[in-house]
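Here the protein sequences come in this chain order: Z and L. Counting from 1 along the first sequence, just add 72 to a position and that's the residue number in our numbering. Counting from 1 along the second sequence, just add 72 to a position and that's the residue number in our numbering. Built from N, CA and C at the ideal position, the CB exists for glycine as well. Worksheet: one structure, shown below.
Number of protein chains: 2
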Amino acid sequence: MSTSAKPYHHGDLRAALLDAADSLLDAGGDGAVSLREAARIAGVSPTAAYRHFADKEALLAALAARHFAQFGAALGAAGLDAQGIAYVRFALARPGRFRLMFGPLLSRAKAHPELLAASQAAFDALTRIAGGREAAIRAWALVHGLSHLLLDGALADDVSPEDLLTSPC
Amino acid sequence: MSTSAKPYHHGDLRAALLDAADSLLDAGGDGAVSLREAARIAGVSPTAAYRHFADKEALLAALAARHFAQFGAALGAAGLDAQGIAYVRFALARPGRFRLMFGPLLSRAKAHPELLAASQAAFDALTRIAGGREAAIRAWALVHGLSHLLLDGALADDVSPEDLLTSPC
DNA sequence: CGCAGATGTTGACATCGTTCACATAAGCTC
DNA sequence: GAGCTTATGTGAACGATGTCAACATCTGCG
């Protein structure tokens with residue numbers, strides 16, 4: 073058998089760490105991602121992560137970048153109306169990812185070229201599809217704000233994203 | 073003199089800790105608030121905080137509640153149009169507070185009656201002023217989303233909240 | 001005056017991010 | 001293939017954090 077007991081080198085630790093961090097993110101939300109725990113899941117010593125990421129922040133940035141790529145692709149496939157709903161649905165289905173992607177880390181994207189590129193690609197796609205500049209930003213802000221408010225439980229439970237987004241503005 | 077060297081009891085530690093946490097929040101943003109550091113600033117031992125707050129989360133909840141009260145009052149005073157702009161301005165001027173108040177903590181408000189009451193009071197005021205239910209939510213989502221996007225640097229720097237919010241929708 | 005409860009302190013533990021020195025594997029050059 | 005270089009992983013350690021348990025001190029009420 074090829075995958076025998078504990079080879080000294082992991083094979084693709086970088087991806088394994090990202091996967092581990094991802095599962096932690098989806099399971100425990102924001103602060104639940106720990107470098108050490110991710111390493112533990114990947115079956116590797118805590119410090120091994122530093123061979124692949126400069127920082128914990130770098131790990132998170134790489135993770136966010138990966139999700140931005142998926143996110144952009146998924147949105148691009150949808151029609152304009154459906155897009156807004158898909159946006160909100162994503163936020164509600166994957167709160168951890170959403171908050172990571174659009175949280176404080178995003179404002180530090182300059183320090184992480186990977187994240188910068190991925191996020192700007194997604195943003196460009198969003199604004200391009202929605203037509204005029206101001207209208208695009210307003211539409212985006214609307215779905216983004218709705219996502220956050222729903223996520224944080226600020227709105228009553230009976231509020232339906234579909235109704236809010238399909239009725240005239 | 074009355075305020076001589078280091079009385080054993082602080083006087084109003086609870087308020088002092090909140091003030092300290094507040095300064096940390098405004099200075100260093102989200103994760104910069106530490107129980108120990110707040111205690112240090114208040115000139116008190118780390119564990120003293122536990123006489124006034126069950127948890128670090130409880131401290132943050134109390135802080136958020138305090139800010140919700142202020143926030144609601146400030147918005148209530150403004151006119152409807154100015155309100156949206158004031159909302160965004162607040163977010164940009166006090167990112168730490170904004171993120172604390174509307175962040176993941178808010179979804180755990182059920183565990184902190186103080187926060188629950190303060191946030192719902194603010195939310196009620198917001199929805200009441202904006203008139204119809206759906207329209208209110210949409211308006212709120214718009215300013216809220218705009219706040220987040222600006223805060224996270226997702227929008228170009230030349231985007232002006234005023235323009236976005238005063239032009240027709 | 002004296003006791004009870006509130007308020008602070010000390011010391012400790014587990015966890016975390018991070019660094020440094022070292023070990024091991026993979027791959028290239030001759 | 002032998003030997004060196006580089007990439008990758010390990011171990012022990014440091015400082016910081018949240019939190020707990022046991023102890024000290026003050027304040028107010030009888």
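Contact criterion: CB-CB distance below 8 Å. Does residue i meet it with respect to chain L?
i: Arg210 (chain Z); result: yes
i: Leu131 (chain Z); result: no
i: Leu187 (chain Z); result: no
i: His216 (chain Z); result: yes
i: Leu135 (chain Z); result: no
i: Arg200 (chain Z); result: no
i: Leu164 (chain Z); result: no
i: Leu152 (chain Z); result: no
i: Ala141 (chain Z); result: no
i: Ala213 (chain Z); result: yes
i: Ser74 (chain Z); result: At Ser74 (chain Z), the pLDDT of 37 sits below 50, so the modelled position is not reliable and the matter cannot be decided from this model.
i: Ala77 (chain Z); result: Because Ala77 (chain Z) carries a pLDDT of 49, less than 50, the predicted location of this residue cannot be relied on, and no value is offered for it.
Strictly under 8 Å for the Cβ-Cβ distance: is residue i near chain Z by that measure?
i: Val105 (chain L); result: no
i: Asp102 (chain L); result: yes
i: Val116 (chain L); result: no
i: Leu97 (chain L); result: no
i: Glu206 (chain L); result: yes
i: Arg161 (chain L); result: no
i: Ser232 (chain L); result: no
i: Ala181 (chain L); result: yes
Helix, strand or coil: which one does DSSP assign to residue i?
i: Gly103 (chain L); result: helix
i: Asp229 (chain Z); result: coil
i: Arg112 (chain Z); result: helix
i: His124 (chain Z); result: coil
i: Ser117 (chain Z); result: coil
i: His82 (chain Z); result: coil
i: Gly175 (chain Z); result: coil
Output, in chain order, the set of chain L residues within a Cβ distance shorter than 9 Å of residue i.
i: Phe174 (chain Z); result: His220, Leu221, Asp224 and Ala226
i: Leu236 (chain Z); result: Glu206, Ile209, Arg210 and Ala213
Which first and last residues belong to the alpha helix (DSSP H) in which residue i is found?
i: Asp196 (chain Z); result: Pro185 to Ile201
i: Lys182 (chain Z); result: No alpha helix (DSSP H) contains Lys182 (chain Z), which DSSP labels as neither H nor E.
i: Asp224 (chain Z); result: First-last for Asp224 (chain Z): undefined, no H or E at that position.
i: Ala154 (chain L); result: Leu152 to Ala165
For residue i, return the contacting residues in chain L, with the cut-off set at a CB-CB distance below 7 Å.
i: Phe195 (chain Z); result: Ala226
How would you list, in chain order, the residues of chain Z whose beta-carbon sits under 9 Å from the beta-carbon of residue i?
i: Arg171 (chain L); result: Gly175 and Pro176
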